[in-house]
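Number of protein chains: 2
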Amino acid sequence: MTSERERTYHHGDLRRAILTAALDVIATEGPAALSLRDLARRAGVSHAAPAHHFKDRTGLLTAVAAEGYALFADALAGAPDLRERGVAYVRFAATHPAHFQVMFQPDLHRADDPDLLVARARATEALRSGVADLPPAGRGEDDRLTGVAAWSLAHGFATLLLTGNLADALAGRDPEEAFRSLAALTFAPEDGRGR
Amino acid sequence: MTSERERTYHHGDLRRAILTAALDVIATEGPAALSLRDLARRAGVSHAAPAHHFKDRTGLLTAVAAEGYALFADALAGAPDLRERGVAYVRFAATHPAHFQVMFQPDLHRADDPDLLVARARATEALRSGVADLPPAGRGEDDRLTGVAAWSLAHGFATLLLTGNLADALAGRDPEEAFRSLAALTFAPEDGRGR
DNA sequence: GCCGGAACTTGTCAATGCCTAGATGCCGGG
DNA sequence: CCCGGCATCTAGGCATTGACAAGTTCCGGC
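Chains A and B, in that order, are what the protein sequence lines are.
Counting from 338, one number per residue, gives the positions in the first sequence under this note's numbering.
Counting from 338, one number per residue, gives the positions in the second sequence under this note's numbering.
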């Protein structure tokens, strides 16, 4: 569909082709370098073709964010406990850097988009259910804060990793493994409480 | 210099005027909405005037990042212990959202800029010295990971706060205070170890 | 077989980044 | 005092981009 028959008037799966190209550009050069006309050239279509599928440049980025939240929810759902959910969080960021960046930059996409909202709700639910199986101790207030703490830890690690700020601190060590032991240090200092 | 005498050929302090306007735009509409020509209009100068002070659009953002790291280093230096340094981290992000965003988006600025490098080194030093007064326990490996954990926690909280992801979790609560008790929960669960 | 709409193209316009050449006025040496 | 150098700012132009409008091609259902 994509590589052979290039003579047809219709592309076949232009939407996916544009999305994939966009992810490539964002991952390598950042969201600022994204150009609809450039993506059109890469796909071998006219400069206005992408607009038919995504309306806007913002529309394209909104689609990226929505797809990202969907993949994110799937990635989180597979993890057994809270710590592994954090590892999955970090792994997702490392595996899908373009999605991750766009997801957490509100000025790039339309946060009120319906598709994005449902995917985002699914991901949020996956996060919350992970926090649910925490230590039973503490008042409700503390439990909520603990959830925020876990989220902050994973999100901060993922963000710093993507921005290259952990390069020398990790020193070639595997990021996932580093986060696993880091989470152990933080959330279960002396006993298995964090589990 | 800035408001009264607008008839002079020379602006007086155009560089600062452009920087301030840029910070305003970035804080309200995000870095993507930044336009050199728009900033020139706001300052009442010609459309090419900003280029003389910052060379590029990237040059302007590099200057923002450099200024950000300098202010960041000052903010961190004032904190007495590790936890308050984390609070200062979060406060800086909340107080200087534009600086913070540009600082931690490598695709927006030139990371090898000399001015940026020295400011960044100063901020990094302020962070490291904060981690130094941690619990004496653990091998050197664990200590480094603990530092990364503290950094991740503060950075993640700050980032999530700026992206509006903590709005309902905090429920109108003061972010700094929330982070203070959150850090207590995380780094000193039952004893004063985290201090 | 035909026809309605989706997918894509072509053409256009305003805005932007960046470059070059020129105008202006400040500041210090003579 | 003045005059020449120079940083600062202006003016104009060019290529690229996002967005819009109108036309073209093709697929699938009736």
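By construction, the Cβ of each residue, glycine as well, lies at the ideal position given by its N, Cα and C atoms.
DSSP, reduced to helix, strand and coil, places Q438(A) within a helical segment of the structure shown. About 6 angstroms separates the CB atoms of A380(A) and I355(A); that is less than 8 angstroms, so the two are in contact. By the neighbour-count criterion, in which a residue is buried when 16 or more other Cβ atoms sit within 10 angstroms of its Cβ, V401(A) is buried.
The Cβ-Cβ distance between L498(A) and P512(A) falls below 8 angstroms. Across the structure, A508(B) and S383(A) are spaced so that their CA atoms are roughly 48 angstroms apart. Here A435(B) has L360, I363 and A364 as same chain residues with Cβ atoms under 6 angstroms from its own Cβ, once five neighbours each way along the sequence are excluded.
Per DSSP, the unbroken alpha helix (DSSP H) holding R374(A) starts and ends at L373 to A380. What E366(B) touches in chain A, judged by beta-carbon distance under 7 angstroms, is D444, going in chain order. Linking L376(A) to P368(A) through their CA atoms gives a straight-line distance of about 13 angstroms. Relative to D393(B), the option among L373(B), G405(B), R378(B) and Y406(B) whose CA is nearest is L373(B).
Membership of T357(B) in the alpha helix (DSSP H) is indicated by the continuous run L351 to E366.
Distance from the CA atom of G493(A) to the CA atom of H492(B), rounded to whole angstroms, is 5 angstroms. Contacts with chain B at 8 angstroms (Cβ-Cβ) do not include L464(A). In this structure, V485(B) sits near L519(A), with a CB-CB distance shorter than 8 angstroms. According to the DSSP assignment, A430(A) belongs to the alpha helix (DSSP H) that extends over L419 to T432.
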